[in-house]
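For reference, the structure is listed below as structure tokens.
Number of protein chains: 2
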Amino acid sequence: MRWRKISDAVVRRLPIYLRVLDEIAQNDESALISSQELGNKAGVGPALVRKDLAWFGEFGKQGVGYEVEYLRSELRKILNLESEIKVALVGVGSLGLALTRYNVKRYSEDDSFNLHIVALFDDDPNKIGNTVEGIEIHPFSKVEEIIPQEGIQMAILTVPGSEAQRVADTLVKYGVKAFLNFAPTKLNVPPHVHVASSDLSLELQRLAYYLQD
Amino acid sequence: MRWRKISDAVVRRLPIYLRVLDEIAQNDESALISSQELGNKAGVGPALVRKDLAWFGEFGKQGVGYEVEYLRSELRKILNLESEIKVALVGVGSLGLALTRYNVKRYSEDDSFNLHIVALFDDDPNKIGNTVEGIEIHPFSKVEEIIPQEGIQMAILTVPGSEAQRVADTLVKYGVKAFLNFAPTKLNVPPHVHVASSDLSLELQRLAYYLQD
DNA sequence: TAGATTGTTAATCGATTAACAATC
DNA sequence: TAGATTGTTAATCGATTAACAATC
Chain B
20 MRWRKISDAV
30 VRRLPIYLRV
40 LDEIAQNDES
50 ALISSQELGN
60 KAGVGPALVR
70 KDLAWFGEFG
80 KQGVGYEVEY
90 LRSELRKILN
100 LESEIKVALV
110 GVGSLGLALT
120 RYNVKRYSED
130 DSFNLHIVAL
140 FDDDPNKIGN
150 TVEGIEIHPF
160 SKVEEIIPQE
170 GIQMAILTVP
180 GSEAQRVADT
190 LVKYGVKAFL
200 NFAPTKLNVP
210 PHVHVASSDL
220 SLELQRLAYY
230 LQD
Chain Y
20 MRWRKISDAV
30 VRRLPIYLRV
40 LDEIAQNDES
50 ALISSQELGN
60 KAGVGPALVR
70 KDLAWFGEFG
80 KQGVGYEVEY
90 LRSELRKILN
100 LESEIKVALV
110 GVGSLGLALT
120 RYNVKRYSED
130 DSFNLHIVAL
140 FDDDPNKIGN
150 TVEGIEIHPF
160 SKVEEIIPQE
170 GIQMAILTVP
180 GSEAQRVADT
190 LVKYGVKAFL
200 NFAPTKLNVP
210 PHVHVASSDL
220 SLELQRLAYY
230 LQD
């Protein structure tokens, strides 16, 4: 499944739409939804909802709206969420631990959630060999072996800022194509690799601006 | 300090510039930097750097560039980072715990970091009364008393999605003006309240899209 | 002075919204 | 059929980039 280059702004909204549909589908298998209503719940205008979806095909019926269950399943195909995606997490500090626990719980409870942390890496000798929720902590040197073996395509970085770039470089070398970066560093990666950043202190500092007057 | 309404896109870049300046100022008290170089390190074009700064005043010298230390101090004023901002965290699960530890460490190690978690809330009877890094965990009902008393203006939400809206409503009622929301929920807040969201599964799902082809 | 870089205006680019014919 | 809502095109809005006079 491949489309002309879709803008990042569009792709960012698709998971939001999907979440709205997930919730509705839970209560009503055969629900219908209009772009108006979907937009409301997603915090987006109705025209934009239609335009976003139109990049990928025609999913609605004029005068009726969208079948929730059908649109949901199409969005899952578009977002590549139909088969399992294996994820590594590097840096098993308290944040890494929290994210791992959260992910394992979500993965086991929600059948349709296919993003799965399957390997942990940390170079602290006190952590190596331990397990978190049944997942073993490996030394970082094992990346070379484990990433290709397990077919890991995505990584979560919860390492100190000073190590993030080096770690990312190595992971890219062994085939990781997408990062969720919690380190306070701008990662430099080749153009085919994607990075999403969650930078706590950047966000806090930004919010501070709005506390004025 | 008040300016005409500055766009969100601009405000979002200011902390990025500040981080670059912080790093340079550490090594060289009297460094100069051009919009070119600042842009490079921030991942932004040089013209945009100049335009962003120009919203707030004239901080450079033609033919020379910007004095790092001076621009840094001006950006800190603009972002409202010069005095302490007190923050509450609600939901002391493993993620809340991790963020609290991280914040306390950063606050104590970095003199110029002024965002400070000073109160924790959780309704789990096993947690109430415990302390994390010296900060006591209160029942959520104490919000009414503690938020105004401590002058807390910002809150971090690490509660389950089902509770996030209710919790936010209460906090807004007692004076919280900005949220960093980790719950997988779109918060509805009055127009004078600002929300930054860090939504792990939304980001992972978005990244999955780029693993295709 | 000559070279460099700012602050700012005009041009471009891209994203969102409005409008409406098609049609369920 | 009449009413509603899609898919899509055109209009608008906003953000980024290019260009350059001012000036250090």
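Just so you know, the sequences run in chain order B and Y. To convert, count from 1 in the first sequence and add 19; that's my numbering. To convert, count from 1 in the second sequence and add 19; that's my numbering. Think of the CB as a built atom: it goes at the ideal place given N, C-alpha and C, for glycine as much as any other residue.
Under the three-state reduction of DSSP, which class applies to residue i: helix, strand or coil?
i	result
A50(Y)	coil
T119(B)	helix
V186(B)	helix
K146(B)	coil
V151(Y)	strand
E86(Y)	strand
V212(Y)	coil
A44(Y)	helix
I171(Y)	coil
I97(B)	helix
V106(B)	strand
V257(B)	A question about residue 257(B) goes unanswered here, because the residues of chain B that appear run from 20 up to 232.
I25(B)	coil
L199(B)	strand
V137(Y)	strand
K80(Y)	strand
L230(B)	coil
L176(B)	strand
Work out the CA separation of residue j and residue i for me, nearest whole Å.
i	j	result
V87(B)	Q45(B)	10 Å
I154(Y)	A227(B)	22 Å
L219(Y)	P158(B)	25 Å
F140(Y)	L114(Y)	13 Å
L230(B)	P209(Y)	14 Å
I136(Y)	T119(Y)	7 Å
Y126(Y)	A73(B)	47 Å
K124(B)	A138(B)	15 Å
L108(Y)	K24(Y)	29 Å
P179(B)	S131(Y)	19 Å
H213(Y)	F198(Y)	6 Å
V151(Y)	W22(B)	49 Å
R38(B)	D232(Y)	24 Å
R185(B)	Q55(B)	46 Å
E182(B)	K80(B)	51 Å
E222(B)	L33(Y)	11 Å
Q168(B)	R31(B)	30 Å
N133(Y)	G112(Y)	24 Å
G170(B)	I52(B)	37 Å
L100(Y)	G148(Y)	31 Å
E163(B)	T177(Y)	35 Å
L116(B)	I104(Y)	28 Å
Q172(B)	I97(B)	18 Å
Y36(B)	L94(B)	8 Å
V106(B)	S92(B)	23 Å
A187(B)	F75(B)	32 Å
N160(Y)	N200(Y)	Per the sequence shown, the amino acid found at residue 160(Y) is Ser instead of Asn. Rounded to the nearest angstrom, the two C-alpha atoms are 20 Å apart.
D143(B)	D142(Y)	34 Å
How would you label residue i, buried or exposed, when you count the other beta carbons within 10 angstroms and need 16 or more for buried?
i	result
N122(Y)	buried
G110(B)	buried
H211(B)	exposed
K196(B)	buried
A28(B)	exposed
N145(Y)	exposed
S217(B)	buried
V83(Y)	exposed
Q224(B)	buried
E77(B)	exposed
D71(Y)	buried
E42(B)	exposed
N207(Y)	exposed
G62(Y)	exposed
Does the distance between the C-beta of residue i and the nearest non-hydrogen atom of the ligand ADP fall short of 7 Å?
i	result
W74(B)	Judged by which ligands are present, the structure shown has none, so any question about the ligand ADP falls away.
Segment contact flag, the segment 191 to 201 of chain Y with the segment 59 to 73 of chain B, C-beta cutoff 8 Å, min 3 pairs
When C-beta atoms of the segment 191 to 201 of chain Y are compared with those of the segment 59 to 73 of chain B, fewer than three pairs fall below 8 Å, so the two segments do not count as touching.
Just by C-beta distance, which residues in the segment 21 to 40 of chain B are closer than 8 Å to chain Y?
R21, V30, R31, L33, P34, I35, L37, R38
Against chain B, which members of the segment 50 to 65 of chain Y pass a CB distance test of less than 7 Å?
G62
The segment 165 to 190 of chain Y: positions lying closer than 7 Å to chain B by Cβ:
Q172, M173
The segment 99 to 115 of chain B: positions lying closer than 9 Å to chain Y by Cβ:
N99, L100, I104, V106, G112, S113, L114, G115
Would you list, in chain order, the members of the segment 139 to 158 of chain B that have their beta-carbon closer than 9 Å to a beta-carbon of chain Y?
none
Check distances from the C-beta atoms of the segment 204 to 227 of chain B to those of chain Y and list, in chain order, the residues that come in under 8 Å.
K205, H213, A215, S217, L219, S220, L221, E222, L223, Q224, R225, L226, A227
Using a Cβ-Cβ cut-off of less than 8 Å, give me the residues of the segment 64 to 97 of chain B that come near chain Y, in sequence order.
Cβ contacts with chain Y: I97.
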